[in-house]
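In our numbering, the protein residues as written are 2 to 82.
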């Protein structure tokens, strides 16, 4: 495999991760909104909130933050959102 092919392969991988992050964010935001609008049981929020937090952590890592920092920022009990 040439360097050019390797770079192209890596860029495609990054683009797929970016798409995953965007889809997770949209899905979880929609679920949280639906739970709120339909006054569904609050217990349904936890899985959607976890996915939402993971999507933000992925975004932060893609933007250059270390995985540890992204997890600490997005997945702590004191989350500001």
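Ideal Cβ placement from N, Cα and C applies to all residues, glycine included.
- Distance from the CA of residue 55 to the CA of residue 4, rounded to the nearest whole angstrom, comes to 32 Å.
- A Cβ-Cβ contact shorter than 8 Å links residue 58 with residue 72.
- Less than 8 Å separates the beta-carbon of residue 46 from that of residue 33.
- Of the candidates 12, 43, 26, 26 places its Cα closest to the Cα of residue 75.
- Going by beta carbons, residue 63 and residue 18 fall inside the 8 Å limit.
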